Every structure is written in C-alpha cells, then in structure tokens.
Amino acid sequence: MENNKTQSESKIPVLGDIPLLGNLFKRKVKETTKTELIIFLTPHIVAEPTQLAGVSAKERSNTTLVPKAFPEQELDRFLDNVPSRENPPPAKNRK
C-alpha cells in the first residue's frame, strides 16, 4: 500500500502576491491518493517436472501485461529461468 499526499496552490498573478489581501485570490488544494498492489496466487499440484512446463505455458498465455510496464529485456531475464517443454529442468538424482 502506498499513500501520496500532494498540495498545490493556484493564484491570480500579481493579486495573489499581495500580503493578507492576496489570500482572497489564492486557492490551495490538498489531495490524498491511495494505491494498492494486489497479487493473486493460485497453487497447482504438479506430479512431474514435465507437467510444470505445460501449466506454465497455459498460465502465461492467459496473462495480460500492461504495455511497457517492464522493459522486455527485464521480463525475458525472469522468464528464461522457467522450464519449458524444449528445455526441461535437470533431473535430480533419486535414491
């Protein structure tokens, strides 16, 4: 959550600069803006690593991104680590 408070003053040139009497020709505005970031997480049970690539691809196709919210290079840097069908994750030794 983020709260932003702004204050602005508008006045009639010259008349707003007169001491005491200038207050009649000024207008002060105070504004408060509240912003919330909400992230929804949906858990999926994946039995095999190969299923993870399919679930990831399906979710990625359903996602709509805000244009230019992230530079494309930065987004690619994070998506490069997600396993895909072409590049499955390395198999771990099972004992």
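Each residue of the sequence shown is one higher than the one before, starting from 5 at the first, in our numbering. In this text, a Cβ means the ideal position worked out from N, Cα and C, and glycines have one as well. In this text, all values refer to a predicted model and were calculated from it rather than measured experimentally.
- [ ] Please report the Cβ distance between residue 13 and residue 32, rounded to the nearest whole angstrom; I am assuming they are in contact, meaning their Cβ atoms lie under 8 Å.
- [x] For the purposes of this step, residue 13 is taken as the residue at position 9 of the sequence shown. For the purposes of this step, residue 32 is taken as the residue at position 28 of the sequence shown. The pair is a contact, with the Cβ atoms about 5 Å apart (cut-off 8 Å).
Open item on the list: Just to confirm, is the Cβ distance from residue 7 to residue 38 under 8 Å?
Closed with: As a first step, residue 7 must be located in the sequence shown, where it is residue number 3. As a first step, residue 38 must be located in the sequence shown, where it is residue number 34. Using a Cβ distance threshold of 8 Å, residue 7 and residue 38 count as a contacting pair.
- [ ] Measuring alpha carbon to alpha carbon, tell me which of 40, 42 and 64 ends up nearest residue 84.
- [x] Here residue 84 is taken as the residue at index 80 of the sequence shown, counted from 1. Restricting attention to 40, 42 and 64, the CA atom closest to the CA of residue 84 is found in 64.
- [ ] Could you tell me if residue 61 is buried or exposed, where buried requires 16 or more neighbouring beta carbons within 10 angstroms of its beta carbon?
- [x] If you number the sequence shown from 1, residue 61 lands on position 57. Residue 61 comes out exposed.
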